[in-house]
RNA sequence: GCCGCCGUAGCUCAGUGGUAGAGCAGCGGACUUUUAAUCCGUUGUGCGUUGGUUCGAAUCCAACCGGCGGCACCA
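Residue numbers (the working numbering): 2 to 481.
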C-alpha cells in the first residue's frame with residue numbers, strides 16, 4: 002500500500018464502502034432510469050410562493066455537493082450538468098434507516114433522488130425526499146466546495162475535477178460543442194458534404210510547419226501526422242465533389258503557447274467555381290451564424306478589410322512592395338529607426354512586420370488580403386498584381402483565426418512552387434513542405450477554379466467565449 | 001531552447017532563519033427551514049525533489065522536476 006492509500010481521508014471512505022457492502026447495499030449499481038435534468042425539473046416551478054408545496058414527483062440524479070444540518074432534518078445540494086437543486090431529507094418522511102444512511106454519504110458521492118417539488122420558506126426550490134439511492138461511491142474527496150479548483154496544473158491534468166467543481170468550465174465546453182454543431186449545420190445547409198481524409202500520411206503538406214513523425218511497421222515506412230487537410234481535400238474537388246469540408250485534428254511539431262497546442266482542431270472547406278471573395282463572404286456569414294448560435298456579439302458586424310501591404314504601411318510607414326528585396330526592406334526599416342531582425346529573405350521580413358506591428362492591433366474582426374507569393378505556396382496568383390496571391394487571413398483580438406485563398410490550380414505553377422519550397426528545405430527551413438507528386442498528378446487532371454479556407458476551431462472558440470489561452474478551450478491540453 | 005515568477009494538508013490559502021498554521025473537507029456530538037448553515041469537541045505520514053550553507057532551513061544558495069508569463073518557433 003502506498004502512503005497515500007493509508008491516509009485517513011481515503012481510509013474513511015474505504016471503510017464506508019465496506020460497511021455499505023456489509024449492509025447489502027450495492028455501491029456501484031448499474032443504472033438509474035427515468036432521471037430528469039435538474040434545470041428541467043426546476044423550470045416549471047420557479048413561480049411557487051415561498052413555503053408552497055406541490056405533489057409533483059421528480060427523479061433527479063447527480064453529485065452530492067454540500068450538506069447542512071443533521072438532526073431530524075438535513076439539506077443537501079445535488080449537482081448535475083444542468084444545475085443544482087437542494088434536497089430536503091426528513092427523518093419523519095424517510096424513516097430512521099434511510100435518513101441516517103444518507104447522512105453517512107460523502108461529498109462527491111453520486112446520488113439518485115425521488116421526491117416532490119416545493120419551495121422553502123427562504124425561497125429555495127427543493128425536493129422533499131421520499132427516497133434516495135447511492136449511484137456510485139466516491140473514494141476521493143472532491144475539490145473544496147466554494148473556492149472550486151483553481152490550481153491550473155490540476156485543472157488541466159485532471160480536467161474531470163475542474164468540470165465537477167467549476168460550472169464556468171462546463172459552460173466553455175458546452176459552448177464549444179455548440180460552435181462545432183452550428184458549423185456543421187451551416188455548411189450542410191449550403192450544400193457541402195463532410196469528408197474524412199487521412200490523419201496518417203506518407204507525405205505532409207498544405208501548410209508551413211514541422212510534422213510529427215512516426216513509423217508504419219508493416220510497411221517499414223516513415224509516416225507523418227497531418228499538418229493540414231488541404232491537399233487531400235483539393236483532390237476531392239478534382240474528383241468532382243465540388244463542395245467539401247473536414248473538421249478534424251491537425252498536428253504541428255512546434256512550441257506551446259497561449260495560442261498554440263500541438264494538436265488542434267481545424268475546419269477546412271473547398272468550393273468549386275469560387276474565388277477568395279466568395280469564400281470571404283461565406284466565412285463571414287458562417288462565423289456570424291455561429292456567434293448567434295452561442296450568443297456572442299463578437300462577429301455581429303461586417304469584418305474590416307485591409308491589404309497586407311497597406312496594413313504594414315499604415316502602422317510603420319514602410320512600403321514593403323516598393324522595397325521588394327531583403328536588402329531594400331532592411332534599409333527602409335533602418336531609415337525608419339526600426340530594429341532589423343535577422344531574417345533569411347524578404348518574405349520572412351514582411352511576415353515579421355505583420356506579426357509584430359499589425360497583428361496585435363487587429364482587435365475587431367479584420368481580413369488582411371493580397372499576400373506575397375513567397376508566403377503562400379498553394380494560393381493562386383493575383384489577377385492584377387505581380388508577386389502577390391489572392392489570399393486573406395482573418396484576425397480578431399490580435400490573433401489569426403482563418404486563412405483562405407483562391408486555390409492554385411495550374412499544375413505547372415504548383416510544381417514550380419514545390420520546387421521553391423524544396424530549395425528552402427535544402428537551405429535548412431524545417432517548415433518547408435516536401436514535393437507532393439500525387440498532388441501534382443491530381444492537378445494535371447484539371448481542378449476547377451476553387452476557393453478554400455481553414456478556420457482554427459480552438460481559436461474561434463477562444464474568441465467566442467472570451468478565453469485568453471487555448472488551454473481553456475481544449476479539454477486535455479498538451480502539458481510537459 | 002532562453003529569461004522571469006511560482007510550488008506549504010484532499011481543496012483554498014497564511015507563514016522570510018528559531019523547529020508547522022487557518023478556513024473548508026474529515027471524525028465525534030447538538031440542532032425540524034438551512035443554503036459559504038451554526039455551535040461544541042477533535043484529527044492531519046503536508047513545506048515539489050536532491051544536495052549545500054547554518055547551532056538551527058518552508059524561509060538563504062545550487063541543480064533538477066512541474067506550472068504560469070514572455071522570447072524563439074508557429075496557427
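By construction, the Cβ of each residue, glycine as well, lies at the ideal position given by its N, Cα and C atoms. Nothing here was measured: the structure is a model prediction, and the numbers come from that model.
* Asked: Who are the Cβ neighbours of residue 230 in its own chain at under 6 Å, not counting the five residues just before and after it?
  -> 198, 247 and 269
* Residue interval of the alpha helix (DSSP H) (run including residue 456) -> Per DSSP, residue 456 belongs to no alpha helix (DSSP H); it is in the beta strand (DSSP E), 451-457.
* Contact the segment 244-263 vs the segment 369-389: 3+ CB pairs below 8 Å -> no
* To do: Measure the C-alpha to C-alpha separation of residue 361 and residue 250 and round it to an integer number of angstroms.
  => 26 Å
* **Three-way DSSP call (helix, strand, coil) for residue 8 in this model** => coil
* Candidates 458, 9 and 317, of which the one nearest residue 336 by Cα -> 317
* Check whether the segment 53-73 touches the segment 104-119, counting contact only when three or more Cβ pairs, one atom from each stretch, lie closer than 8 Å. => Counting Cβ pairs under 8 Å, three or more are found: they touch.
* **residue 105, buried or exposed, once every other Cβ within 10 Å from all chains shown has been counted against 16** => exposed
* Asked: Which of helix, strand or coil does DSSP assign to residue 196?
  -> coil
* To do: Could you give the DSSP three-state label for residue 113: helix, strand or coil?
  => Strand at residue 113.
* **Check whether residue 363 and residue 396 have beta carbons under 9 Å apart** => yes
* To do: Please report the residue range of the alpha helix (DSSP H) in which residue 165 lies.
  => 160-166
* Roughly how many whole angstroms lie between the Cα atoms of residue 347 and residue 330? -> Distance between the alpha carbons of residue 347 and residue 330 is about 7 Å.
* From 274, 357, 278 and 272, residue whose alpha carbon lies closest to that of residue 313 -> 357
* Asked: From what residue to what residue does the beta strand (DSSP E) around residue 418 run?
  -> Unbroken run through residue 418 is the alpha helix (DSSP H), 412-427; no beta strand (DSSP E).
* What residue range is occupied by the uninterrupted alpha helix (DSSP H) comprising residue 443? -> 438-444 is the span of the alpha helix (DSSP H), which, as asked, contains residue 443.
* residue 405 and residue 441 closer than 9 Å at C-beta -> no
* **Assigned secondary structure, residue 300 (DSSP; H/G/I helix, E/B strand, else coil)** => coil
* CA-to-CA distance, residue 193 to residue 160, given in whole angstroms -> The straight-line gap from Cα to Cα measures roughly 34 Å.
* Nearest to residue 127 (by Cα), restricted to the options 84, 433, 17 and 110 -> 84
* Is residue 264 helix, strand or coil when you go by DSSP? -> Look at residue 264 here: in three-state DSSP terms it is strand.
* Distance between residue 71 and residue 92 (C-alpha atoms, nearest Å) -> Per the coordinates, the alpha-carbon of residue 92 lies some 10 Å from the alpha-carbon of residue 71.
* To do: Look up residue 93 in the DSSP assignment and say whether it is helix, strand or coil.
  => Looking at residue 93 - three-state DSSP - the assignment turns out to be helix.
* Asked: Going by the CB atoms, is the gap between residue 110 and residue 135 shorter than 9 Å?
  -> yes
* residue 30 by DSSP, collapsed to three states: which one? -> coil
* **Same chain, Cβ closer than 6 Å to residue 11, neighbours up to 5 away in sequence not counted** => none
* Buried versus exposed, by CB contacts within 10 Å (16 or more), residue 217 -> exposed
* Quick one: what's residue 407 bridged to in DSSP? -> 452
* Asked: Apart from the five residues on each side of it in sequence, which residues of its chain come closer than 6 Å, Cβ to Cβ, to residue 207?
  -> 229, 231 and 232
* **Three-state secondary structure assigned by DSSP to residue 66** => Reduced to three states, the DSSP call for residue 66 is strand.
* To do: Can you grab the Cα-Cα spacing for the pair residue 7 / residue 18, in whole Å?
  => Low confidence applies to residue 7: its pLDDT is 49, below 50, so where it sits in the model is not reliable, and the reading given next is rough at best. Roughly 15 Å between the two C-alpha positions.
* Identity of the residues DSSP links to residue 82 by a beta bridge -> Bridge partners of residue 82: none, in fact.
* Quick one: give me the first and last residue of the alpha helix (DSSP H) that residue 43 is part of. => 39-43
* Asked: Looking only at DSSP bridge pairs, what is residue 370 linked to?
  -> 308 and 393
* To do: Reducing DSSP to helix, strand and coil, say where residue 229 ends up.
  => coil
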